[in-house]
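Trainee:
In the working numbering, the protein residues as written are 273 to 640.
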């Protein structure tokens with residue numbers, strides 16, 4: 273009965289039932305191990321490991337039949353310490369060993385190793401379906417494989433539609449994940465809204481919620497949610513920076529988007545962020561930021577010996593700054609900055625644009 277309640281996630285009831293048994297059979301390795309598992313779920317790994325210490329006084333023969341399970345759980349309670357030494361030897365003995373070894377590899381960013389463990393497993397439980405879905409999802413993103421992402425969505429959907437999970441938080445998260453991978457963002461929002469009150473301070477949830485709002489063009493809400501995230505683990509990722517910058521630019525806050533680039537310019541592939549800022553700002557006629565971004569793109573690429581020419585978009589953006597100035601949408605200092613950008617460009621196109629702007633400036637008594 274205690275084991276059944278444990279399997280149903282009723283850990284406190286399992287403990288009550290188990291204690292009745294332990295009062296009579298205090299030296300039962302299986303019962304002690306189950307109590308440790310309950311302690312792990314209810315409290316923490318230290319409490320769980322303390323329970324297993326009671327088994328040290330037992331003889332080898334008494335422990336022999338439960339030895340593999342106890343070794344496996346000791347690794348889990350120690351947060352994966354010793355996983356590579358012990359879990360591979362238990363994969364074909366303790367069913368959970370394969371799953372926990374896959375989790376260990378995922379935490380170490382070794383997706384290939386986790387995928388090898390999970391690709392042929394036929395999931396039976398919610399836990400197994402979710403782990404396979406997550407593994408296939410990460411592998412699919414890394415390899416840009418729509419086939420793997422579709423498989424991940426299918427596994428998430430199985431969990432979300434199962435009678436046991438359809439009305440649980442896990443079930444609704446799973447359905448949101450399935451729809452997210454299929455780019456059905458209106459459906460994603462329905463499921464995320466239904467559980468949002470449980471995750472008000474969860475930054476990963478808010479990141480996903482903000483992305484969903486962005487994909488539905490709900491830019492004010494997207495910027496609001498994404499701006500509230502402070503954890504460096506999220507804010508230093510390229511995806512977060514791209515999402516926040518796009519929302520800010522769409523809301524007319526190009527300067528804030530430029531600030532995101534200035535803060536995170538050293539993250540891998542930050543030129544993608546720069547390109548998004550340049551193109552989005554130009555498209556929405558925030559020419560001041562567009563000019564700065566195109567100029568920065570050219571300077572960065574020249575340092576990498578990439579001679580791609582940005583003179584045309586730079587000139588167009590700087591001419592756009594003049595348009596903004598005449599409409600009182602930017603300052604004289606910003607106009608001067610646009611002129612400096614043109615003056616640094618040695619192309620004939622930039623010289624021609626600069627000459628035309630200077631001539632206009634003289635006619636309207638604007639002094640650089």
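For glycine and all other residues, C-beta sits at the position ideal for the given N, C-alpha and C.
#1: Kindly give me the distance between the Cβ atoms of residue 563 and residue 537, rounded to whole angstroms, as I take these residues to be in contact under 8 angstroms.
#2: Could you spell out the range, first to last residue, of the alpha helix (DSSP H) harbouring residue 437?
#3: Buried or exposed for residue 331, going by 16 or more other Cβ atoms inside 10 Å?
#4: Hey, residue 642 and residue 401: beta-carbon distance below 8 angstroms or not?
#5: Which same chain residues end up closer than 8 angstroms to residue 366 when comparing Cβ atoms and leaving out the 5 residues on each side of it in sequence?
#6: Short check: CB of residue 467 to CB of residue 441, under 8 angstroms?
#7: Would you decide whether residue 360 is buried or exposed? Buried here means 16 or more other CB atoms lie within 10 Å of its CB.
#8: For residue 409, which residues in the same chain have their Cβ closer than 6 angstroms to its Cβ, ignoring the five residues on either side in sequence?
#9: Residue 431 by DSSP, collapsed to three states: which one?
#10: With DSSP collapsed to three states, give me the class of residue 538.
#11: Residue ranges of each alpha helix (DSSP H) run of no fewer than 4 residues wholly in the segment 363-400, ordered along the chain?
#12: Residue 522 and residue 491 - do their beta-carbons sit closer together than 8 angstroms?
#13: For the putative contact between residue 561 and residue 527, defined by C-beta atoms under 8 angstroms, what is the C-beta separation to the nearest angstrom?
#14: Mind listing, in chain order, the continuous beta strand (DSSP E) runs of no fewer than 3 residues lying wholly within the segment 567-629?
#15: Exposed or buried, what is residue 620 when buried is set at 16 or more other beta-carbons lying within 10 Å of its beta-carbon?
#16: Quick check on DSSP: helix, strand or coil for residue 417?
#17: Taking all protein chains shown into account, do 16 or more other C-beta atoms lie within 10 angstroms of the C-beta of residue 451, making it buried, or fewer, making it exposed?
#18: Using the Cα positions of residue 352 and residue 604, report the straight-line distance between them to the nearest angstrom.
#19: Look at the Cβ atom of residue 398, then the Cβ atom of residue 437, and state whether they are nearer than 8 angstroms.
#20: Which of the three DSSP states, helix, strand or coil, is assigned to residue 509?
#21: According to DSSP, is residue 297 part of a helix, a strand, or is it coil?
#22: Indicate the three-state DSSP secondary structure (helix, strand or coil) for residue 527 in the structure shown.
#23: Count the other C-beta atoms from every protein chain shown that fall within 10 angstroms of the C-beta of residue 627, then say buried if there are 16 or more, exposed otherwise.
#24: Whole angstroms are fine: how far does the CA of residue 623 sit from the CA of residue 589?
#25: Between the C-alpha atoms of residue 519 and residue 429, what's the straight-line distance to the nearest angstrom?
#26: Given residue 444, which residues of its chain have a CB within under 6 angstroms of its CB, disregarding the five upstream and five downstream residues?
#27: Taking the continuous alpha helix (DSSP H) assigned at residue 354, which residues delimit it?
#28: Label residue 485 either buried or exposed according to how many other C-beta atoms from any shown protein chain fall within 10 Å of its C-beta, with 16 as the threshold for buried.
#29: Nearest to residue 594 by alpha carbon, out of 369, 614, 580 and 477?
#30: In whole angstroms, what is the alpha-carbon distance linking residue 535 and residue 457?
#31: Going by C-alpha to C-alpha distance, which of 539, 354 and 481 sits closest to residue 507?
Mentor: Answer, in terms of the structure:
#1: Not a contact, Cβ separation roughly 17 angstroms.
#2: First-last for residue 437: undefined, no H or E at that position.
#3: Bear in mind that the predicted position of residue 331 carries a pLDDT of just 46, short of 50, making it unreliable; the figure below should be weighed with that in mind. With fewer than 16 Cβ atoms within 10 Å of its Cβ, residue 331 is classed as exposed.
#4: This structure cannot settle anything about residue 642, because the visible part of the chain is limited to 273 through 640.
#5: Within the same chain, residue 366 has close Cβ partners 340, 341 and 344.
#6: Closer than 8 angstroms, so yes.
#7: By the neighbour-count rule (16 or more Cβ atoms within 10 Å), residue 360 is not buried but exposed.
#8: Cβ within range, chain order: 424.
#9: Helix, per DSSP.
#10: DSSP places residue 538 in coil when its eight states are reduced to three.
#11: Within the segment 363-400, the complete alpha helix (DSSP H) runs of at least 4 residues are 367-379 and 383-390.
#12: Yes, the Cβ-Cβ distance between residue 491 and residue 522 is below 8 angstroms.
#13: Confirmed, Cβ separation roughly 7 angstroms.
#14: Within the segment 567-629, no run of beta strand (DSSP E) reaches 3 residues while sitting entirely inside it.
#15: The residue is exposed, with fewer than 16 neighbouring Cβ atoms inside 10 Å.
#16: Residue 417: coil per DSSP, three-state reduction.
#17: The C-beta of residue 451 has 16 or more other C-beta atoms within 10 Å across all chains shown, which makes the residue buried.
#18: Per the coordinates, the alpha-carbon of residue 352 lies some 60 angstroms from the alpha-carbon of residue 604.
#19: Taking 8 angstroms as the Cβ cut-off, residue 398 and residue 437 qualify as a contacting pair.
#20: Correct three-state label for residue 509: coil.
#21: The three-state secondary structure of residue 297, taken from DSSP, is coil.
#22: Helix at residue 527.
#23: The Cβ neighbour count for residue 627, taken over all protein chains shown within 10 Å, is under 16; the residue is labelled exposed.
#24: In this model, residue 589 and residue 623 are separated by some 14 angstroms (Cα to Cα).
#25: Taken atom to atom, the span from the alpha-carbon of residue 519 to that of residue 429 is near 29 angstroms.
#26: Only residues of its own chain outside the window of five on either side were considered, and among them 463, 466 and 467 have a CB closer than 6 angstroms to the CB of residue 444, listed in chain order.
#27: For residue 354, there is no enclosing alpha helix (DSSP H), since its DSSP letter is neither H nor E.
#28: Residue 485 comes out buried.
#29: If we check each option's Cα against that of residue 594, 614 comes out closest.
#30: Here the alpha carbon of residue 535 sits roughly 29 angstroms from the alpha carbon of residue 457.
#31: Selected option, being the one with the closest Cα: 539.
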